[in-house]
Each structure stands twice: as structure tokens, then as C-alpha cells.
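Just so you know, the protein sequences line up as chains A and Z, in that order. Residue 385 in this note's numbering is what sits at position 54 of the first sequence, and the numbering runs on without skipping anything. Residue 434 in this note's numbering is what sits at position 103 of the second sequence, and the numbering runs on without skipping anything. Cβ atoms here follow ideal geometry from the backbone N, Cα and C, with glycine treated the same way. Notes for the one structure printed next.
There are 2 protein chains.
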Amino acid sequence: MNPTITAFERSPDRGKGQARDMRVRWALEEVGQPYGVRLVSFSEMKEPAHRALHPFGQIPTYEEGDLALFESGAIVFHIAGRHSGLLPDDANARARAIAWMFAALSTIEPPIVDLGVAVLLERDRNWYAQRLPLVEDRIRGRLGELAERLGDADWLDGAFSAGDLLMVTVLRRLNGSAILQEYPVLSAYVARGEARPAFRRAFDAQLAVFTAASPD
Amino acid sequence: MNPTITAFERSPDRGKGQARDMRVRWALEEVGQPYGVRLVSFSEMKEPAHRALHPFGQIPTYEEGDLALFESGAIVFHIAGRHSGLLPDDANARARAIAWMFAALSTIEPPIVDLGVAVLLERDRNWYAQRLPLVEDRIRGRLGELAERLGDADWLDGAFSAGDLLMVTVLRRLNGSAILQEYPVLSAYVARGEARPAFRRAFDAQLAVFTAASPD
Chain A
332 MNPTITAFER SPDRGKGQAR DMRVRWALEE VGQPYGVRLV SFSEMKEPAH RALHPFGQIP
392 TYEEGDLALF ESGAIVFHIA GRHSGLLPDD ANARARAIAW MFAALSTIEP PIVDLGVAVL
452 LERDRNWYAQ RLPLVEDRIR GRLGELAERL GDADWLDGAF SAGDLLMVTV LRRLNGSAIL
512 QEYPVLSAYV ARGEARPAFR RAFDAQLAVF TAASPD
Chain Z
332 MNPTITAFER SPDRGKGQAR DMRVRWALEE VGQPYGVRLV SFSEMKEPAH RALHPFGQIP
392 TYEEGDLALF ESGAIVFHIA GRHSGLLPDD ANARARAIAW MFAALSTIEP PIVDLGVAVL
452 LERDRNWYAQ RLPLVEDRIR GRLGELAERL GDADWLDGAF SAGDLLMVTV LRRLNGSAIL
512 QEYPVLSAYV ARGEARPAFR RAFDAQLAVF TAASPD
């Protein structure tokens with residue numbers, strides 16, 4: 332039985348693949364696991380039926396038999412644990428790849444989400460223009476450290492892992508900003524992720540949802 | 332051989348146990364694993380020797396034989412995988428407990444960190460007073476949903492798990508604010524966590540570092 336995930340009925344980024352279902356789709360494509368998608372509207376996401384699956388009323392969720400999961404990081408980890416290809420077999424290398432999963436979501440993503448929150452919710456405030464450089468500089472601090480660690484390696488720690496998958500999707504949230512281009516090492520890293528056939532299949536699948544919902 | 336973790340030489344919260352080493356200490360105490368602590372100063376944290384362990388120049392790190400880890404979530408997960416007591420044996424229950432680990436760090440902690448960043452870095456800005464209620468309301472949104480899900484249960488999903496451990500430490504970062512008290516369900520949840528003997532031992536250990544560094 333194939334798992335079912337949820338995704339936005341209408342992608343707020345107009346099919347750029349920045350919503351968190353992209354991570355789960357990509358992981359499923361990397362391991363070759365077919366899946367179903369149930370689309371939910373913004374209002375459905377906040378209703379009790381969806382909140383039973385996701386306490387914070389968001390997407391994605393993951394259902395597989397008796398198991399229901401939320402949190403994209405946990406879902407990617409679950410997929411990586413069930414299949415080979417996303418986490419190394421060696422115990423130490425596996426623990427380090429998991430550290431990069433947490434780093435992507437708890438160290439790199441929060442300042443990037445802050446920027447999104449500022450743009451989305453504080454653009455009309457009189458402090459917006461003055462505060463924006465502070466928010467961007469906090470992102471630059473993290474990206475500089477990440478670029479330094481990555482250096483001229485292809486991936487964060489040996490072979491491509493779920494840590495890279497999450498990191499690339501987190502960095503892609505900056506696609507609307509020019510900040511990422513200030514770090515050529517990271518732009519090239521994101522491009523390597525996007526060039527993977529599994530990424531392309533996942534990207535095309537989420538884009539098809541947006542295109543179908545917006546016939547023109 | 333016991334693992335060694337790193338912690339602040341001088342706790343910025345004056346021994347309140349809000350730094351991220353507390354999570355790792357608590358996990359180690361829950362499973363009964365003795366550990367060593369290496370204290371690092373703020374300047375040492377940013378030097379190459381420490382950055383080799385932690386790319387973002389922070390604490391805690393975790394060293395055990397050939398393995399070096401960073402990210403408190405990943406370290407707690409590693410400890411939970413090596414010992415029993417922090418994650419259920421049943422595969423589905425285990426996946427759900429891991430989802431709560433990610434929820435604590437990627438859904439609940441970021442708006443709480445935002446508040447800390449505002450207080451620490453934007454207090455002197457002319458927008459501080461106007462913006463603070465927006466930041467606090469974003470926290471309230473998450474806490475309301477979390478309280479709703481927890482309801483009258485003791486822990487987030489069955490028995491106490493690493494998900495609860497991380498969630499309690501994340502909520503404790505609000506101890507300097509009155510927001511947590513608006514959610515009696517969550518205050519009581521944090522108090523249940525703090526009442527665990529392993530929490531007390533971990534708390535006393537980090538407090539002893541602060542007390543020793545500040546004899547008066």
C-alpha cells in the first residue's frame with residue numbers, strides 16, 4: 332500500500348516547489364516509492380479533520396496504514412529509515428547525516444523563515460525597510476558558515492543524504508532573494524540538488540498541481 | 332568510554348538551564364549514561380578547533396570515540412537510539428515521537444527564538460515596542476495549538492519521550508516571559524518535565540557550572 336501525503340490545493344509560491352511537501356516528494360522519488368497526494372485548501376487545513384493529522388494545521392502529512400505523521404523532517408526521516416539511499420549504513424556516518432537534517436531545519440531554516448515572515452506580514456509596517464537588513468544579515472551569518480564547511484565538496488558529509496535533501500530545500504526558500512547568489516559555493520550546491528532526477532520528478536509533480544489549478 | 336559534551340563556560344542565562352546543553356544533559360541523565368563536560372568560552376566557540384566540531388560555532392557538541400556530533404536534536408536522537416527509555420519500541424509510536432522532536436525544534440522553537448532575538452538585538456530600535464506584540468502573537472498561535480493537542484494528557488503521545496524532552500526545554504525558553512502562563516495546560520506540562528529526577532540532576536549540573544564561575 333502506497334503512502335498518501337497532503338499538499339496545498341493552490342501553491343502559494345505558484346509552483347516554485349518551496350512548500351514543504353516538496354521535501355517529502357523528493358525523498359519518496361529518491362527511494363523509488365510511489366505515493367498518493369491529497370490536496371487541501373487553506374480553510375480545510377485548519378479544520379478538525381486535518382488537525383487530527385497535523386496539530387498545527389499545515390502540510391505535509393503522511394499516512395501509511397495505521398501510521399499518520401506530520402513535520403516534513405520526521406516524514407523524510409521515516410522514509411529514509413524504511414528504504415536505502417538517503418542515510419549511510421555506517422552508524423557514525425548515519426548519525427552525522429541526521430545532524431545535518433537537524434541543522435537544516437533548526438539552524439538554517441529559521442532565519443530564512445524570518446525573512447519570509449517579514450516580507451509577508453510586516454511589509455506595510457513603518458520599520459520594514461530599516462529592519463530588513465538585520466534579518467538578511469542573520470541569514471548571511473549562517474550561510475557564510477555553511478559555505479565554509481561545505482568548501483569544495485559536493486555534499487555536506489560524503490555521499491548525498493537526507494541532510495543534503497533538507498538543506499537544499501531550505502536554501503531554495505531564498506530563491507526569491509538575491510542573498511543565495513552571494514555564496515557561489517551554495518548556489519552550486521543547490522544546483523547539484525536540483526539536477527538530481529528524483530528532484531526533477533518531484534518538482535514536476537508539484538508544478539503539475541499548480542498548473543492544473545490555474546489553467547491560464 | 333563516556334561521551335564528552337561542550338557547554339558555555341559562563342551561562343548567558345545565569346544558570347536557568349535554557350542553553351541547549353541542558354537538553355543533552357537531561358537525555359543522558361534519563362538513560363543513566365555518565366558524561367564529561369568541556370567548557371568553552373564565547374571566543375573559543377568561534378575558533379577553528381571548535382568549528383571543526385560545530386560548523387556554526389555553538390554548543391553543545393558530543394564526542395564519543397570516533398564520533399563527533401553537533402545539533403542538540405541530533406545528539407538527543409543519537410542518545411535515544413543507543414539506550415532505551417527515550418523512544419518507544421513500537422515502530423509507529425517511535426515515528427510519532429520523532430515527529431514531536433522535529434515539531435519542538437522546527438515549529439515551536441523558531442518563534443520563541445525570534446522573541447529572544449528581538450529582546451537581545453532589537454531592544455534599542457525604535458520599532459521594538461510596536462513589533463513585540465506581533466512576535467508574541469505568533470508564539471501564542473503555536474502554543475494554543477499545542478495546548479489543544481496535549482489536552483489533559485501528561486505527555487504528547489503516550490509515555491514520556493525524547494519529543495517531550497525537547498518540547499519542555501523549548502517551552503522553558505519562555506521562562507523570562509509571561510506568555511507561557513497564559514496556557515495552564517502547558518505550564519503544568521513543563522512542570523511535569525521539570526519534576527523528573529533526571530531533569531533535576533541535569534539542571535543542578537549546569538547550575539553548578541554557573542555557580543562555580545561566579546563565586547558570589
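What number of angstroms, rounded off, separates the C-alpha of T337 of chain Z from the C-alpha of A539 of chain Z?
-> For the purposes of this step, residue 337 of chain Z is taken as the residue at position 6 of the second sequence. For the purposes of this step, residue 539 of chain Z is taken as the residue at position 208 of the second sequence. Distance between the alpha carbons of T337 of chain Z and A539 of chain Z is about 15 Å.
Output, in chain order, the set of chain Z residues within a Cβ distance shorter than 9 Å of L440 of chain A.
-> Here the question's residue 440 of chain A lines up with position 109 in the first sequence. Here residue 440 of chain A is Glu; the residue named in the question, Leu, does not match the sequence. Chain Z residues near E440 of chain A: S437 and P441.
Y459 of chain Z to I390 of chain A span [Cα, whole Å] | To locate residue 459 of chain Z, count along the second sequence from 1; it is residue 128. To locate residue 390 of chain A, count along the first sequence from 1; it is residue 59. Computed Cα separation, rounded: 32 Å.
Name the DSSP beta bridge partners of F339 of chain Z, please?
-> Residue mapping note: residue 339 of chain Z aligns to position 8 of the second sequence, counting from 1. Within the DSSP bridge table, the entry for F339 of chain Z names Z:V371 as partners.
Any idea what DSSP makes of F387 of chain Z, helix, strand or coil?
-> Counting from 1 along the second sequence, the entry for residue 387 of chain Z is found at position 56. In the structure shown, F387 of chain Z sits in coil (DSSP, three-state: anything other than H, G, I, E or B).
Per-residue DSSP class, three states only, for F491 of chain A = Along the first sequence, read from residue 1 onward, the residue named residue 491 of chain A stands at position 160. Per DSSP, reduced to three states, the secondary structure at F491 of chain A is coil, with no helix or strand assignment.
Does DSSP put E378 of chain Z in a helix, in a strand, or in coil?
-> Your numbering for residue 378 of chain Z matches position 47 in the second sequence. Here E378 of chain Z sits in coil by DSSP.
For the segment 398-427 of chain A, which residues have a beta carbon sitting closer than 9 Å to at least one beta carbon of chain Z?
-> So the list reads L398, A399, L400, F401, E402, S403, G404, A405, I406, F408, H409, G412, A422, N423, A426 and R427, given in the order they occur along the chain.
Identity of the residues DSSP links to L400 of chain A by a beta bridge = Against the first sequence, residue 400 of chain A aligns to sequence position 69. Under DSSP, L400 of chain A shares a beta bridge with A:Y393.
Any 3 or more C-beta pairs closer than 8 Å across the segment 340-356 of chain Z and the segment 496-514 of chain Z = Between the segment 340-356 of chain Z and the segment 496-514 of chain Z there are three or more C-beta pairs closer than 8 Å, enough to call the two in contact.
Does the beta carbon of F491 of chain A sit closer than 7 Å to a beta carbon anywhere in chain Z?
-> What you label residue 491 of chain A is simply residue 160 of the first sequence in a count that begins at 1. Taking Cβ atoms only, chain Z never reaches closer than 7 Å to F491 of chain A, which makes this a no.
When the Cα of L496 of chain A is compared with those of A:A424, A:L474 and A:L417, which residue comes out closest?
-> Counting from 1 along the first sequence, the entry for residue 496 of chain A is found at position 165. Comparing Cα-Cα distances from L496 of chain A to each of A:A424, A:L474 and A:L417, the minimum goes to A:L417.
Any heavy atom of the ligand SAH closer than 6 Å to the Cβ of S545 of chain Z?
-> By its list of ligands, the structure shown contains no ligand whatsoever, and the ligand SAH lies outside what it can speak to.
To the nearest whole angstrom, what separates the beta carbons of L481 of chain Z and V516 of chain Z, a pair I think is in contact under 8 Å?
-> Against the second sequence, residue 481 of chain Z aligns to sequence position 150. Against the second sequence, residue 516 of chain Z aligns to sequence position 185. Sure, about 6 Å apart at Cβ, within 8 Å.
Out of A:E440, A:R527, A:R454 and A:R523, point me to the one whose CA is closest to I470 of chain A's CA.
-> Locating residue 470 of chain A in the first sequence gives position 139, counting from the first residue. Of the candidates A:E440, A:R527, A:R454 and A:R523, the residue whose Cα lies closest to the Cα of I470 of chain A is A:E440.
Given that W458 of chain Z touches chain A, what residues does it touch there, using C-beta distances under 8 Å?
-> What you label residue 458 of chain Z is simply residue 127 of the second sequence in a count that begins at 1. What W458 of chain Z touches in chain A: R456, N457, W458, Q461 and R462.
Which same chain residues, not among the five before or five after R341 of chain Z, have their C-beta less than 6 Å away from its C-beta?
-> Residue 341 of chain Z sits at position 10 when you count from the first residue of the second sequence. In its chain, beyond the 5 residues on either side, A544 have a beta carbon closer than 6 Å to the beta carbon of R341 of chain Z.
Short check: CB of P365 of chain Z to CB of N333 of chain Z, under 7 Å?
-> Along the second sequence, one-based indexing puts residue 365 of chain Z at 34. Along the second sequence, one-based indexing puts residue 333 of chain Z at 2. Going by C-beta atoms, P365 of chain Z is nearer than 7 Å to N333 of chain Z.
Span of the alpha helix (DSSP H) around W431 of chain Z | Counting from 1 along the second sequence, the entry for residue 431 of chain Z is found at position 100. Looking at the DSSP string, the run of the alpha helix (DSSP H) that includes W431 of chain Z is A422 to F433.
Return the chain-ordered ranges of every alpha helix (DSSP H) run that is complete within the segment 432-519 of chain A and spans a minimum of 4 residues.
-> List check, alpha helix (DSSP H) in window: 440-452, 459-481 and 493-503.
Under 7 Å Cβ to Cβ from L359 of chain Z, same chain only, skipping five residues before and after it: list those, please.
-> As a first step, residue 359 of chain Z is located in the second sequence; it is residue number 28 there, counting from the start. Once the five neighbours on either side are set aside, the close Cβ partners of L359 of chain Z are Y366 and I410.
G388 of chain A: contacting residues in chain Z (beta-carbon distance under 9 Å) = Here residue 388 of chain A is taken as the residue at index 57 of the first sequence, counted from 1. The contacting residues are E476.
Indicate whether at least one CB of chain A lies closer than 7 Å to the CB of I429 of chain Z.
-> Along the second sequence, read from residue 1 onward, the residue named residue 429 of chain Z stands at position 98. At a cut-off of 7 Å between beta-carbon atoms, I429 of chain Z makes contact with chain A.
In whole angstroms, what is the alpha-carbon distance linking V368 of chain A and H414 of chain A?
-> Your numbering for residue 368 of chain A matches position 37 in the first sequence. Your numbering for residue 414 of chain A matches position 83 in the first sequence. Approximately 20 Å between the Cα atoms of the pair.
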